[in-house]
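Asker: In full-length UniProt numbering, the protein residues as written are 1 to 370. Ideal Cβ placement from N, Cα and C applies to all residues, glycine included.
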């Protein structure tokens, strides 16, 4: 019962902002004595703080506001991508305290080597966090593949199959698909809309379906494999074994061609390079075809383009919007809003850290040892 009440009080503060102890008692239905005891536990654990005077004390007198604390407890987000490793430390107020990115060539990689690099990154960034007075409570890892029970079942671009990473760090630890965590990153750190389709453009193309603030995963956790929606039935062979998949036309490799980076592609686009413009036109057209199917199936009110699609958005927006409008036709009045991600390349690593923050809020007793 005490664990449940701790969660109720912390969730109330998280959801609706600072409150006096008296106001918390009124909002939660708990007695003032119980709330006072619970707040004392949360203060000791470092997840809340008391400061300032606000109206809401007994008989109208100013009371002390209880709010989330960003000074002692934090979460660690990690990401293994095709060409980098990333980590960030986020405190309970969702402020990003530390962020690190390491370039790396992770294609068809040795899992042991990559995981060793992640461990080194974890040691470095957690040491910095501790030096700043932060206690890292847990960690989550985003990977570009399908995940089941701490095992990366398939990550084709990494060249991984059935790789266990559950013992990666000496912290409470979870692992999830990159696109799902990126969608949650957008939810918690970006637009904060509660219903949308998030499209993650990388070498592969994934999608996260957010419904009422929750990611829809499907029966086997494989929902959102947008990159393998067929856009040209007799098109080139895809890595998955199919033909004409979206990834073949709009994935990072297709967009870059011989170019070395997305930054170089943006430079070419800004200078009006015909080949770069043609690549984005072709990718946008294919993306519009795939998203038309997604709209018919899911009926999202908003589509968010993230990953490498974020810096390329101004060149993709036109062909994607035109493709959606032309194909949806009379079956749907106004196409869903098409917007650029507010979190950009950081979406997945932020979503990973945010998922731990959510766990702390939901189960403070278990995660904080209260």
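How about residue 280 and residue 246: are their beta carbons less than 8 Å apart?
Answerer: Working through the chain shown from its first residue, we reach residue 280 at position 280. Working through the chain shown from its first residue, we reach residue 246 at position 246. Taking 8 Å as the Cβ cut-off, residue 280 and residue 246 do not qualify as a contacting pair.
Asker: Quick check on residue 265: buried or exposed, where buried means 16 or more other Cβ atoms within 10 Å of its Cβ?
Answerer: Position 265 of the chain shown holds residue 265. Under this definition residue 265 is a buried residue.
Asker: Counting pairs of beta carbons, one from the segment 119–133 and one from the segment 151–163, are three or more of them closer than 8 Å?
Answerer: These segments do not touch.
Asker: Select from 40, 261 and 267 the residue whose C-alpha is nearest the C-alpha of residue 82.
Answerer: Locating residue 82 in the chain shown gives position 82, where the first residue counts as 1. It is 261.
Asker: Per DSSP, residue 189 forms a beta bridge with which residues?
Answerer: What you label residue 189 is simply residue 189 of the chain shown in a count that begins at 1. DSSP lists no partner for residue 189.
Asker: If I follow the unbroken beta strand (DSSP E) through residue 154, where does it start and stop?
Answerer: Reading the chain shown from its first residue, position 154 is the one you call residue 154. First-last of the beta strand (DSSP E) with residue 154: 151–155.
Asker: Does residue 58 pass the burial test, meaning 16 or more other C-beta atoms within 10 Å, or should it be called exposed?
Answerer: Counting from one through the chain shown, the residue named residue 58 turns up at place 58. With a pLDDT of only 49 at residue 58, under 50, the local geometry of the prediction cannot be trusted, and the value read off the model is given with reservation. Exposed, because fewer than 16 other Cβ atoms sit within 10 Å of the Cβ of residue 58.
Asker: Would you tell me roughly how many angstroms separate the C-alpha atoms of residue 5 and residue 254, rounded to the nearest one?
Answerer: The residue you call residue 5 lines up with position 5 of the chain shown. The residue you call residue 254 lines up with position 254 of the chain shown. Answer to the nearest angstrom: the Cα atoms are 52 Å apart.
Asker: When you compare only the Cα positions, how much space is there between residue 183 and residue 352?
Answerer: Walking along the chain shown from the start, residue 183 turns up at place 183. Walking along the chain shown from the start, residue 352 turns up at place 352. Cα to Cα, the separation comes out at about 10 Å.
Asker: Just the C-alpha distance for residue 14 and residue 190, rounded to the nearest angstrom, thanks.
Answerer: Here the question's residue 14 lines up with position 14 in the chain shown. Here the question's residue 190 lines up with position 190 in the chain shown. Answer to the nearest angstrom: the Cα atoms are 17 Å apart.
Asker: How many Å lie between residue 126 and residue 350 at the Cα?
Answerer: Position 126 of the chain shown, counted from the start, is the residue given in the question as residue 126. Position 350 of the chain shown, counted from the start, is the residue given in the question as residue 350. Their backbone Cα atoms lie some 16 Å apart in a straight line.
Asker: With distance defined between alpha-carbon atoms, name the residue in 64, 42, 90 and 8 nearest to residue 346.
Answerer: For the purposes of this step, residue 346 is taken as the residue at position 346 of the chain shown. Cα-wise, what sits closest to residue 346 is 90.
Asker: What first and last residue would you give for the alpha helix (DSSP H) that runs through residue 117?
Answerer: In the chain shown, residue 117 corresponds to position 117, counting from 1. Taken as a continuous stretch (DSSP letters only), the alpha helix (DSSP H) holding residue 117 covers 111–131.
Asker: Cα-Cα, which of 26, 33, 41 and 22 is closest to residue 7?
Answerer: Taking the chain shown and counting its residues from 1, the one referred to as residue 7 is at position 7. Measuring from the Cα of residue 7, the nearest candidate turns out to be 41.
Asker: Excluding the 5 residues preceding and the 5 following residue 180 in the sequence, name in chain order all residues of the same chain whose CB lies nearer than 6 Å to its CB.
Answerer: Residue numbering aside, residue 180 sits at position 180 when the chain shown is read from its first letter. Contacts found: 208 and 215.
Asker: Can you list, in chain order, the residues of its chain whose CB lies under 6 Å from that of residue 243, leaving out five sequence neighbours each side?
Answerer: The count along the chain shown starts at 1 and reaches residue 243 at position 243. Closer than 6 Å at Cβ, skipping near neighbours: 235 and 237.
Asker: Starting from residue 88, trace the alpha helix (DSSP H) both ways and give me its first and last residue.
Answerer: Here the question's residue 88 lines up with position 88 in the chain shown. Counting along the chain, residue 88 falls outside any alpha helix (DSSP H), though it belongs to the beta strand (DSSP E) covering 84–91.
Asker: Classify residue 308 as helix, strand or coil using the three-state DSSP reduction.
Answerer: Taking the first residue of the chain shown as 1, we reach residue 308 at position 308. Residue 308: coil per DSSP, three-state reduction.
Asker: For residue 346, name the three-state secondary structure that DSSP assigns.
Answerer: Position 346 of the chain shown, counted from the start, is the residue given in the question as residue 346. The answer is helix: DSSP assigns residue 346 an H, G or I state.
Asker: Just to confirm before moving on: does the CB-CB distance between residue 324 and residue 298 stay below 8 Å?
Answerer: Here residue 324 refers to the residue found at position 324 of the chain shown. Here residue 298 refers to the residue found at position 298 of the chain shown. Not in contact: residue 324 and residue 298 (Cβ atoms no closer than 8 Å).
Asker: Could you tell me the distance, in whole angstroms, from the CA atom of residue 56 to the CA atom of residue 16?
Answerer: For the purposes of this step, residue 56 is taken as residue 56 along the chain shown, with counting starting at 1. For the purposes of this step, residue 16 is taken as residue 16 along the chain shown, with counting starting at 1. Residue placement at residue 56 is flagged as unreliable, the pLDDT there being 49, under the threshold of 50; a coordinate-derived value is accordingly withheld.
Asker: Do three or more CB pairs link the segment 73–80 to the segment 352–367 at distances below 8 Å?
Answerer: Short answer: they touch.
Asker: On a CA-only basis, which of 22, 227, 119 and 342 is nearest residue 168? Give me that one, please.
Answerer: Residue mapping note: residue 168 aligns to position 168 of the chain shown, counting from 1. Of the candidates 22, 227, 119 and 342, the one whose C-alpha sits nearest the C-alpha of residue 168 is 119.
Asker: Measuring CB to CB, does residue 204 end up less than 8 Å from residue 177?
Answerer: For this step, residue 204 is matched to residue 204 along the chain shown. For this step, residue 177 is matched to residue 177 along the chain shown. Contact flag unset, no.
Asker: Give every residue of the same chain whose Cβ lies closer than 7 Å to the Cβ of residue 328, excluding the five residues on either side of it in the sequence, and list them in chain order.
Answerer: By one-based count along the chain shown, residue 328 stands at place 328. For residue 328, where only same-chain residues beyond five positions count, the Cβ hits under 7 Å are 292, 295 and 335.
Asker: At 3 residues or longer, what runs of the beta strand (DSSP E) sit wholly inside the segment 166–242?
Answerer: 173–177, 196–201, 205–211 and 214–216, all fully within the segment 166–242.
Asker: From this set, 300, 317 and 137, which residue's C-alpha is nearest residue 283's C-alpha?
Answerer: In the chain shown, residue 283 corresponds to position 283, counting from 1. Cα-wise, what sits closest to residue 283 is 317.
Asker: Tell me whether residue 285 sits in a helix, a strand or coil according to DSSP, three-state version.
Answerer: Counting from one through the chain shown, the residue named residue 285 turns up at place 285. Reduced to three states, the DSSP call for residue 285 is helix.
Asker: By the three-class DSSP mapping on this structure, what secondary structure does residue 372 have?
Answerer: Residue 372 falls outside the range modelled here, since the chain spans only 1 to 370, and no answer is possible.
Asker: Quick test of your reading: residue 185 and residue 164, contact by CB under 8 Å. State the CB separation rounded to the nearest angstrom.
Answerer: Here residue 185 corresponds to residue number 185 of the chain shown, with the count starting at 1. Here residue 164 corresponds to residue number 164 of the chain shown, with the count starting at 1. Contact doesn't hold; Cβ gap of about 25 Å is too wide.
Asker: With a cut-off of 8 Å on the beta carbons, I'd call residue 3 and residue 365 a contact; round off their distance for me.
Answerer: Position 3 of the chain shown, counting from 1, holds the residue named residue 3. Position 365 of the chain shown, counting from 1, holds the residue named residue 365. Right, their Cβ atoms sit about 4 Å apart.
Asker: Within its chain, find whatever has a CB closer than 8 Å to the CB of residue 100; leave out the 5 residues flanking it on each side and keep chain order.
Answerer: Along the chain shown, read from residue 1 onward, the residue named residue 100 stands at position 100. Here the set comprises 86, 87, 88, 121, 124 and 125.
Asker: Going by beta-carbon coordinates alone, are residue 39 and residue 48 separated by less than 8 Å?
Answerer: The residue you call residue 39 lines up with position 39 of the chain shown. The residue you call residue 48 lines up with position 48 of the chain shown. The answer is yes: Cβ separation under 8 Å.
Asker: Span of the alpha helix (DSSP H) holding residue 4?
Answerer: Residue mapping note: residue 4 aligns to position 4 of the chain shown, counting from 1. Note, residue 4: alpha helix (DSSP H), 2–16.
Asker: Which whole-angstrom value is the C-beta distance of residue 308 and residue 137, which I expect to be below 8 Å?
Answerer: Locating residue 308 in the chain shown gives position 308, counting from the first residue. Locating residue 137 in the chain shown gives position 137, counting from the first residue. Actually they are not in contact, since the Cβ atoms of residue 308 and residue 137 sit about 32 Å apart, beyond 8 Å.
Asker: Which residues share a DSSP beta bridge with residue 302?
Answerer: Here residue 302 corresponds to residue number 302 of the chain shown, with the count starting at 1. Paired residues: 337.
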